[in-house]
Each structure stands twice: as structure tokens, then as C-alpha cells.
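Participant: In the numbering used here, the protein residues as written are 1 to 671.
In this text, a Cβ means the ideal position worked out from N, Cα and C, and glycines have one as well.
Values in this document were obtained by computation on a predicted structure and should not be read as measured data.
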Ligand code: IVH
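What follows is the structure in C-alpha cells.
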């Protein structure tokens, strides 16, 4: 392809993909399939690799993240980010309306908006491009989180044509949809990580991450609700919302213009019930005077505008009886207590159970007693939470609920690691829910994705004595006749299952590693480990120190990995899987060499870099014929060093007289 053709194609594809992103994430009306979108994105990415000189810096391929922020820079807000006064009942709102009426008379309108429960964000656009994203911070200054915000699809990185000024700021709320929250929190629990309490915490925890690639894995959204410009461009807030919508921003469509306070109260009453049908959390309604000159007339107090106020919904709370506390054992052995409640209607659904998180929640915070009457509330979670106990209704002589001391499934005494909240059953080889849970995790969509085999079948096969370890799946074909005799599975479904198992042998190493279900080794960690260590033998031989040298691997993960591989049974299981033909070596990526300038040279990349992620630097080296080594030895040609590199590495490299170079020096070697 000629450079001119490439330039044209890159331009067309960039514009096309930008429009599709807008259709999907802002309008929620996609016009092509996800598959076609991904194909186009891949094509653009390839063209950009071949012809980087024509790539748009705001290309849709850039939202996948990858940049690392070492420390967030504090930025002062051009206009302070104020908060809103709160009201909690009708009377307080009527009082607010009277204050406004006193100042403005009767001739004004309100805009009612949903109050999104996330974190506020200020976006600055310069010449139509997203220049900066800053958190609210203390209202005067916040953290610059542009790299992370760039991963949010509904936030445009570059605007199309429009009558926007060269410089403007737009503010809104970054949040996580409930579905994504549930899915990602479940993933965290499965990986043995601490779950987030609600979508708001998940969203703000995500914004604080230093690795934007991880941010990109956690889908966030953003509604914009306030435009700030040097010169006033519009007469009313409503007009400005319409305008920013036309510039490509995600503006919530539920807002309403109200002529008087009764209409405001109607809007509030409607959303007090309807809010439960939204795909995201709102915690109230924001009421704003529409006309900008009237807003100016009303002015501000020290903390908040006089022209706006928020109405906070009461969290719906009901009383019900605690029937019993039961316990679930997860695949990692973690024990989770669950409160079984007398069924009660709450926020439109019948509630029968509530999460209790851990032992302290029962014995310390709530001090639950048998048959207590408890107050239950629905927060961000789908499963509600016990807020407190109605002590007036405690039955005389009721016994305190004691946390179990033995596993409810296998009766092994439970253990608790110092400093951790959860109790564990250590019997991972003999505790049925752990065994079944591990195999169910292994066959799951995100791990080995085995067709023809579901959670229930795993349970049946385990109960009937066919499988106890993952490796037993791969000798299941030897028992095909006995499976038929069971009468539970037809011949076709047995064949499908065995086919699916056979095909799983082709799944790449990172999927197998994730599938093993090592504590704290989630999908991302598995990917990073495979990228760094390349083979299971390297990984099994790695010391805790070598493990922490890999990107994103902290002490806790390293300890869990070394502990896992120290266990003879685990090593035997891996050997069996290897003999069965599973993949334990990283797939060689097909790289088209950009040059052979690094041919015959070996490198180690260590530390944190400002401009590139370590994986990007690795790619650059490999694409130019270089090799990445995993440990420092006399064979090594260069150590590419960033910040925060471990002192042991530095000392070893110095001892062996290995040249230590920066990322800039590495790139200079190419030119
Ligand atoms: S307007 C002067 N509109 O609520 C403040 N805020 O308590 C202007 N929020 O910090 C804010 N939805 O994070 C506004 N539709 C909405 C909102 C909203 C959520 C948050 C925002 C703000 C806080 C104020």
C-alpha cells in the first residue's frame, strides 16, 4: 500500500470508528455489530503500526489504555468545583422555592436532573480536543486523571464540527453501570480480592489506578451536566445542555424543564420509584434555575450556588426478621456468611437474603442475636445490606450468633490469616464446594471456555465420582461408556462435552494459568505473568523477588503464587495437564519485524517509565529483532531502567558491567 493510500484509509477509518463509538456509547444505538467494529479497529491499529506518521493522536485505538501514571499531578480548577446544598423533604424544597421566588418573582423555570451517584469530573477541551480531566479534589484543586479518563468510551477525545469555543470546561459525573459492577465485583470475589461496597466506590477506586490498561477493563460511563466558558454563549442551562449534546457529549435524556415547584415535586416523586429501573445508581434529583442571568442574580454562598439544590432520596429501608445465618464456601475456601430473612418487599423486589461480608460484621458491628429484627436497605448492590438491629424487638434470652468454627461443608477447622477479614477452609483437596468450584472456574467462559460442559454437569460428574481434579477431565473419554450408562446424558451431549474438552487443549497459556484458580491470579495478572515468564517452568521456578519484578505483581500475589507451586499436589497436577497436551508456553506472537537493528541483542526492562508501558517497550525491542530476558546474567546486553527499579537488580547489573540505558537511549539506538 502506498503511503498516500494508507493516509486516506487511516483518516476514513478513524472518522468512521469515532462515529460508531458515539453511536454505541452516547446514543446507545449501534449501527454495526461488535464483531465488525473490532475488525475495523484491528485494521486501523495495524495501519497505524505500519504508518505511525499518519496516526491521529486521538485515534479510537488509543482508548485501550496502557499508559502508566506514576503520581497524579495536582491541578487548580479555573472555576472552583462547588457542592450543592441538600434537602431531604418536601418542606425544605418549598422553602428553597420561596427564597428563589423572593429574589426573582414568579417568572423563572427550573431544570430537574437526576443526581448521578459517582465522582465528579471536570474536562477541559482545547480546540475541540480533550486536553485535561481533573477530579473534584477539595473543590479548588484536584488530580489530573486524563490518561484514565481517555479510556471512557462515552467521553469524546476529539469533537467533530460544532459551534463550541476554542477553550471550554465541561463537568459531569463518572460512574459505573450496575451490571458491570456486579460482574466485576464477582470477579474480584472469585479471585480472592476484596469486593467494592458499591458502584461509586468502584468508579472512584478505578480512577485512582495508575495503570490505564486496568482502568480500560473496568467500563465506566459519564454524564455531562455543566458547561463553563469565558464568555456566556447561551441564555439558559437547558440551551447549553442541548448544545453540548450536539457537540457529541453524553447528556442524560431524563432531565426536565419545570415551570413551578409542583412540577418539580412530581418529577421527584416519579424518580423516587422509577430510579430502581435505571441501569445505574442515582441518589437524588438536582434542581437548577434555568436562566443564566437569573443564576447570576442569585449568586453563591461560600460553598454552593444559591440557584441550585439537591433533593436526596431516602434509602428505602424495611424491617424484617433474621431467620438464620448460613455459610457459603467459595472455590478459594473463603467462607461467606449470608443472612436468611423473612421475605419482605423492598424497592420493588422481594428480599430473602442479605450479605453479611465477614465474621466481624456479625459479632462486632451488628452484634446479631438469634431471631433479631433487622433494618434492611438497598444500596448499590443488588443484594441488600443489614443496616442495624431494632433492639426494642430483641427477644428476651436470645442467644448471640456465634461465627462457625468449622467448615460447613467438610467440617475442617477454619483458619484466618492475620490482618484479613475472611475465614478460610484450608482443606482445598477434600472440601466438595472448593473442588467443584475450582473445576467450574476452570471450564468458565473467561478461562478455558469449554463448550458442552456447564456448572451443573461438573457437579454431577463430581458427585458420581468421575472427576476430582481438573486433569480428570482429560481422561473422561475413557469413561464414555459408563457415562452413557448413567442415563443422565445423551450420546450427543457426551460427544459434545468430550469434543469441548479436547478443543480446550488449544487454549493459550494465560487462559490455563487463570483457570488453575490460584488466589489473586485474575485474568490480568495471568496475562502479565505469561508475558513476563513465558513458560510454566520459569514461573514455577521464580522466587518471590523475581515475581515482584514482573509488571503489576505485588508481594501478596507473589506469595500466593510461590505457596501454590510449593505444594507437591499442584505440581503433579500441572505435570498431568502438560502430559495431556495443555499449553504451558506463551504463544509466539507473529511479529513483522520493523527492523533487525536489535538482532542478537538481549534486554531486560525494569522500573516504571513515563512515556511507555513496559509491554510497549518490549514490543518495540521484539519488533526490531531483540530478545527479552527474564533475569540478569552475563549474557545480557542492556538493562533498560526506569524509575523505582529494585536495588538488587541495579547492583547485579553493575557487578556484571551491563550497560544501563534509559527508554530514550533505547529509542535513540533505533534511529
Ligand atoms: S451540578 C455547583 N448536576 O452532586 C455544583 N451535580 O452535591 C454543580 N452530581 O459535586 C453540580 N449529578 O458530583 C450537578 N445532575 C447533576 C449531578 C451532580 C450528580 C454530583 C456532583 C456534585 C455533587 C453535588
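Please classify residue 50: does DSSP put it in a helix, a strand, or coil?
Facilitator: Helix.
Participant: Going along the chain, which residues of its own chain have a beta-carbon closer than 7 angstroms to the beta-carbon of residue 691, five neighbours each way excluded?
Facilitator: The first residue shown for the chain is 1 and the last is 671, placing residue 691 beyond what the model contains.
Participant: Whole angstroms are fine: how far does the CA of residue 331 sit from the CA of residue 587?
Facilitator: Distance between the alpha carbons of residue 587 and residue 331 is about 28 angstroms.
Participant: By alpha-carbon positions, which one of 284, 101, 363, 537 ends up nearest to residue 85?
Facilitator: It is 284.
Participant: Using the beta-carbon count (16 or more within 10 Å), is residue 451 buried or exposed?
Facilitator: Exposed is the call here.
Participant: Once you ignore the five residues that flank residue 202 on each side, which residues in its own chain have a CB closer than 8 angstroms to its CB?
Facilitator: If we look at residue 202 and ignore the five residues flanking it on each side, its Cβ neighbours are 176, 181, 184, 185, 196, 218.
Participant: Beta carbon of residue 427, beta carbon of residue 412: below 8 angstroms?
Facilitator: Their beta carbons are under 8 angstroms apart, which means residue 427 touches residue 412 by this criterion.
Participant: Closest by CA to residue 404, which one among 328, 523, 373, 117?
Facilitator: Residue 328 is the option with its Cα nearest to residue 404.
Participant: Report the CB separation of residue 290 from residue 237 in whole angstroms; it is logged as a contact under 8 angstroms.
Facilitator: So it is a contact: roughly 5 angstroms between Cβ atoms.
Participant: Are there three or more Cβ pairs, one per stretch, closer than 8 angstroms when the region 355-363 is compared with the region 332-344?
Facilitator: Verdict: yes, contact present.
Participant: Roughly how many whole angstroms lie between the Cα atoms of residue 158 and residue 127?
Facilitator: When rounded, the distance between both Cα atoms is 9 angstroms.
Participant: Can the beta-carbon of residue 200 be found less than 8 angstroms from the beta-carbon of residue 118?
Facilitator: Yes; because the gap between Cβ atoms is below 8 angstroms, this pair is in contact.
Participant: Let me check one thing: in DSSP terms, what residues is residue 126 bridge-paired to?
Facilitator: Per DSSP, 129, 167.
Participant: Given a cut-off of 8 angstroms on the beta-carbon distance, is the pair residue 300 and residue 228 in contact?
Facilitator: No, these two residues do not count as a Cβ contact at 8 angstroms.
Participant: Within the chosen definition, does the region 344-351 reach the region 209-226 through at least 3 CB pairs nearer than 8 angstroms?
Facilitator: No: fewer than three Cβ pairs fall under 8 angstroms.
Participant: Among 498, 597, 93, 569, which residue has its Cα nearest to the Cα of residue 267?
Facilitator: Of 498, 597, 93, 569, the residue nearest in Cα terms is 93.
Participant: Report the option in 133, 596, 665, 602 whose CA atom is closest to the CA atom of residue 625.
Facilitator: Residue 596 is the option with its Cα nearest to residue 625.
Participant: Rounded to whole angstroms, what is the Cα-Cα separation between residue 682 and residue 497?
Facilitator: Residue coverage of the chain in this structure runs from 1 to 671, which leaves residue 682 outside it and unanswerable.
Participant: What first and last residue would you give for the beta strand (DSSP E) that runs through residue 312?
Facilitator: Start and end: 308-312.
Participant: Which parts of the region 450-504 are runs of the alpha helix (DSSP H), unbroken and 4 residues or longer, counting only runs that do not cross its ends?
Facilitator: Listed in chain order, they are 455-463, 480-486, 491-503.
Participant: Out of curiosity, what's the CA-to-CA distance linking residue 577 and residue 206?
Facilitator: Between residue 577 and residue 206, the C-alpha separation is close to 36 angstroms.
Participant: Counting C-beta neighbours from all protein chains within 10 Å, is the total for residue 153 16 or more, i.e. buried, or is it exposed?
Facilitator: The residue in question, residue 153, is buried, as its Cβ has 16 or more Cβ neighbours within 10 Å.
Participant: Tell me the rounded alpha-carbon separation between residue 441 and residue 125.
Facilitator: Rounded to whole angstroms, residue 441 to residue 125 spans 44 angstroms at the Cα level.
Participant: Sort out for me which residues DSSP pairs residue 228 with in a bridge.
Facilitator: According to DSSP, which records beta bridges pairwise, residue 228 is partnered with 169.
Participant: State the start and end residues of the unbroken beta strand (DSSP E) segment that holds residue 288.
Facilitator: Its beta strand (DSSP E) spans residues 282-289.
Participant: Less than 7 angstroms separating the Cβ of residue 305 from some heavy atom of the ligand IVH?
Facilitator: Yes, the Cβ of residue 305 comes within 7 angstroms of a heavy atom of the ligand IVH.
Participant: Going along the chain, which unbroken runs of the beta strand (DSSP E) with 3 or more residues stay wholly within the region 582-630?
Facilitator: Those beta strand (DSSP E) runs which fall completely within the region 582-630 and span 3+ residues are 602-606.
Participant: Closer than 6 angstroms by C-beta to residue 642: which residues in its own chain qualify, once you throw out the five before and the five after it? Chain order, please.
Facilitator: 607, 608, 609.
Participant: Residues in the same chain with beta-carbon distance under 6 angstroms from residue 247, minus the five sequence neighbours each way, listed in chain order, please.
Facilitator: Correct list, in chain order: 159, 162, 164.
Participant: Starting from residue 79, follow its DSSP beta bridges and name the residues at the other end.
Facilitator: Bridge partners of residue 79: none, in fact.
Participant: Among 155, 112, 108, which has the Cα closest to the Cα of residue 129?
Facilitator: Checking every option, the nearest Cα to that of residue 129 belongs to 155.
Participant: Taking C-alpha atoms, which residue in 220, 288, 230, 214 lies nearest to residue 241?
Facilitator: Here the closest residue by C-alpha is 288.
Participant: Is the CB-CB distance between residue 564 and residue 536 below 8 angstroms?
Facilitator: Result no, Cβ atoms of residue 564 and residue 536 do not sit closer than 8 angstroms.
Participant: Quick check for students: name the residue ranges of the alpha helix (DSSP H) that lie wholly in the region 79-121, counting only runs of 4 or more.
Facilitator: Runs found: 90-104.
Participant: For residue 222, which three-state DSSP category applies?
Facilitator: The answer is strand: DSSP assigns residue 222 an E or B state.
Participant: Quick check for students: name the residue ranges of the beta strand (DSSP E) that lie wholly in the region 384-446, counting only runs of 3 or more.
Facilitator: Those beta strand (DSSP E) runs which fall completely within the region 384-446 and span 3+ residues are 385-389.
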